[in-house]
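Counting in this note's numbering, the sequence shown runs from 7 upward without gaps.
A virtual CB, placed ideally from N, CA and C, is assigned to each residue, including glycine.
The model shown is predicted, which means the values in this text are computed figures rather than measured ones.
Here the structure comes first, spelled out in structure tokens, and everything after it is commentary.
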Amino acid sequence: MMSSKEARSLKMLHLTTGRVGCLLSKQVVVALTSSGARMSSHGHHEVSDSVDMSQPMYWDRLDTPLPDRPWKDVLDSTDKSLKQKEKGPWTALSKEEKIALYRLKFNHTYPEMKRPSHEWKTVIGGMFIVFGITGLVVLWQCHYVYPPQPHTFGEEWQAKQVQRMLDMQINPIEGFSAQWDYKNKQWK
């Protein structure tokens with residue numbers, strides 16, 4: 007029989023080997039996943055363009071008429087010469103030059119922003135297509151999937167059933183038979 011001291015040392019050895027085994031298995035898993043599998047999931051080390059949201063952005067909005075930055079940030083030589091002309095008297099500018107200056111600052115005019123989109127036509131068309139396909143599926147199911155209608159749904163069967171209920175005088179006080187005149191054989 008083992009003494010309590012030997013039992014404690016055996017238990018400590020057991021716990022230590024368990025911890026070492028756990029640490030080794032974790033390191034193996036990390037080593038295997040960090041090499042090929044994790045790197046292949048990211049593709050060919052492509053970096054997507056990030057947008058600095060702390061910088062002013064351009065928005066065409068009716069409720070915010072003056073965006074934080076102009077539409078065109080990078081100006082070519084003609085745009086730069088036009089900006090130099092802008093500093094002078096505006097009466098010297100032609101109509102086309104004024105429009106070009108406006109287009110440097112803004113992408114759309116108010117009438118262009120207020121112009122309704124025709125997206126509703128696409129939405130309605132898509133809805134009609136879905137309804138049409140659904141109707142065709144229901145017709146196909148009625149013809150090929152559903153069983154034939156039971157004979158008890160027929161007009162002749164229902165007329166016989168009504169006559170049977172009247173002959174049995176079902177619910178004669180307030181119900182079905184109360185509405186039938188048994189002497190004249192007609193509804194009251």
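### Task
Tell me whether Arg-186 sits in a helix, a strand or coil according to DSSP, three-state version.
What sits at residue 186 in the sequence shown is Trp, not Arg. Here Trp-186 sits in strand by DSSP.
### Message
Can you look up Gln-192 in the DSSP assignment and give me helix, strand or coil?
### Response
strand
### Task
Please name the residue in His-157, Phe-182, Lys-120, Thr-158 whose C-alpha comes closest to that of Asp-3.
No information on residue 3 is available, as it lies outside the stretch 7 to 194 that the chain covers here.
### Nearest-angstrom Cβ-Cβ length linking Trp-77 and Lys-111, presumed shorter than 8 Å
6 Å
### Query
So, using beta-carbon positions, are Ala-106 and Leu-81 closer together than 8 Å?
no
### Task
Answer yes if the segment 115-129 comes into contact with the segment 60-68, meaning at least three C-beta pairs across the two stretches below 8 Å, and no otherwise.
yes
### Message
On a Cα-Cα basis, can you pick out the residue from Pro-95, Thr-97, Glu-103 that is closest to Asp-85?
### Response
Glu-103
### Query
Can Gln-175 and Ser-183 be called in contact, C-beta distance under 8 Å?
yes
### Query
Which of the three DSSP states, helix, strand or coil, is assigned to Glu-162?
helix
### Task
Return the Cβ separation of Arg-75 and Met-59 in integer angstroms, given the expectation that the two are a contact with Cβ distance under 8 Å.
Arg-75 to Met-59, Cβ: 13 Å. No contact.
### Rounded separation between Thr-158 and Trp-126 - CA only
47 Å
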